[in-house]
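Residue numbers (the working numbering), protein chains in the order written: chain A, 1 to 225; chain B, 1001 to 1279. Read through the structure below, which is laid out as structure tokens, and then see the notes.
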């Protein structure tokens, strides 16, 4: 069977780092979000969680920034995939996606490019929430460290941090459900970021038909297993 | 135990600072003792503001008059609001209401995030890093809950030589304050007002401000910040959000339980695409 190398080792490495940072931030953030958790685990665990939260926040922000510097070509590719004008197929995909998701994926979906329009939409949202949570988090850290920041501004940064946390958390549920292939039609996609980055010809054609045909024709990323 | 309150009558206060000292003494709060430690403020008010070691501060509003300076005193400390913004913002449940209505910070739970500092509409809580650790903790008046729970008055009340401070059943303190305001008005203090009866859900410090709220440095009609209310809403709303998303994904998973798809293949030479049908 033929396979296409969809994700590079660099992209997978960055995704691994960000996954660990994200999950650690989510768990430690949850400890700070729900008072009952704090009461259950005690002061020592909470102070430990705050320290882990800050260390992981640095990784969360620094890793993608560093990736842009180390691999500008990859970043350019990422931007190209994220920002493009939707054609009729992209719009049709989004219009059909929710019926597809909730009725057993029986619908025939239009062919997609390297990034489905729904994926791009989800990535934009993740990107926006990640920026909001990062900026507000830096403000909160500075404020708690004694830097003189206007109290009202700090308060609104806390609101922004909480809102971004909740939205990002909800988006992560969907991201994991689809990305890790919990959703039956997406089975096997976990291999893309947590395996060797390859996708089978059949799955590639099903998910990203236009892109898959281009890659199969080019052949430089195709292997037979 | 019924709801209680401290009644502070500014018209009886001589600003002797006995309450401020008693607070420091009972709660074992350090104070600067040497000239090097203490910055001369050019005011009888010292220190100029509350700090982590000063939970009660007598303030002196000095208003220039034709015949000199008029002083308006105020006992500046936590008001122990019913709708306490600090309690709403605390992410770890370290700030709670006691049965008396006192709003108390549990130092064993405080993680020093200082959200209470930013949320309090009166800027009452103050934080400092605890010696020997890298972590801060927030501090403020706790209405001497150790004393009141043992049927004793708060330390500040016991020290007042002019009965400007009283402690007791909240309803009784409110009634006394109202009666006092009426008396003061009869005596010519037209602007005399009561503070704390209804503000921020009702406070557990009731104040008689004989020269009007603003003259004593009190905030008229204080509100819990909008942002604090949003923070309070975030938790139940996010629980609903999680329920909706998890439920929707569960439904999607259930609907796809019998999903099976045939193999897709592509012949690039003939540009022929074979589609495996969904069963």
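Ideal Cβ placement from N, Cα and C applies to all residues, glycine included.
- Per DSSP, residue 114/A is not a residue of any beta strand (DSSP E), being assigned neither H nor E.
- Separation of residue 1230/B and residue 47/A (C-alpha to C-alpha, rounded to the nearest whole angstrom) is 25 Å.
- At a cut-off of 3 residues, the continuous stretches assigned as beta strand (DSSP E) that sit fully inside the stretch 1160 to 1228 of chain B are 1165 to 1169, 1193 to 1195, 1205 to 1209.
- Contact with chain A is found for residue 1264/B, since one of that chain's Cβ atoms lies less than 9 Å from the residue's Cβ.
- Residue 1009/B: member of the beta strand (DSSP E) spanning 1004 to 1009, first to last residue.
- Within 10 angstroms of the beta-carbon of residue 1205/B lie 16 or more other beta-carbons, which makes it buried.
- Residue 1114/B sits close to residue 1138/B, with the two beta carbons spaced by under 9 Å.
- Counting along the chain, residue 159/A sits inside no beta strand (DSSP E); it lies in the alpha helix (DSSP H) bounded by residues 151 to 179.
- Residue 12/A: not part of any beta strand (DSSP E); member of the alpha helix (DSSP H) spanning 9 to 33, first to last residue.
- By alpha-carbon distance to residue 1013/B, the top candidate from 1025/B, 1076/B, 1032/B, 1168/B is 1076/B.
- Here the stretch 1044 to 1058 of chain B does not lie against the stretch 1181 to 1190 of chain B, with fewer than 3 beta-carbon pairs under 8 Å apart.
- Look at the stretch 1244 to 1268 of chain B and you find these whole runs of beta strand (DSSP E), each 3 residues long or longer: 1265 to 1267.
- Counting the other Cβ atoms within 10 Å of the Cβ of residue 1028/B gives fewer than 16, which makes it exposed.
- Residue 1162/B is positioned such that its CB atom lies no closer than 9 Å to that of residue 1100/B.
- Distance from the Cα of residue 1243/B is smallest, within the candidate group 197/A, 79/A, 121/A, 173/A, for 173/A.
- Closer than 7 Å at the C-beta level to chain B, one finds these residues of the stretch 144 to 158 of chain A: 144, 151, 154, 155, 156, 158.
- Between the beta-carbon of residue 1210/B and that of residue 1022/B there is about 23 Å, and that puts the pair past the 8 Å contact cut.
- Listed in chain order, the non-local C-beta contacts of residue 1192/B below 6 Å within the same chain comprise 1181, 1184, 1185, 1210, local neighbours out to five positions each way being set aside.
- From the beta-carbon of residue 177/A, the residues of chain B found nearer than 7 Å are 1249.
- For the pair residue 193/A and residue 11/A, the CB atoms are nearer than the 9 Å cut-off.
- In this structure, residue 8/A sits away from residue 188/A, with a CB-CB distance that is not shorter than 9 Å.
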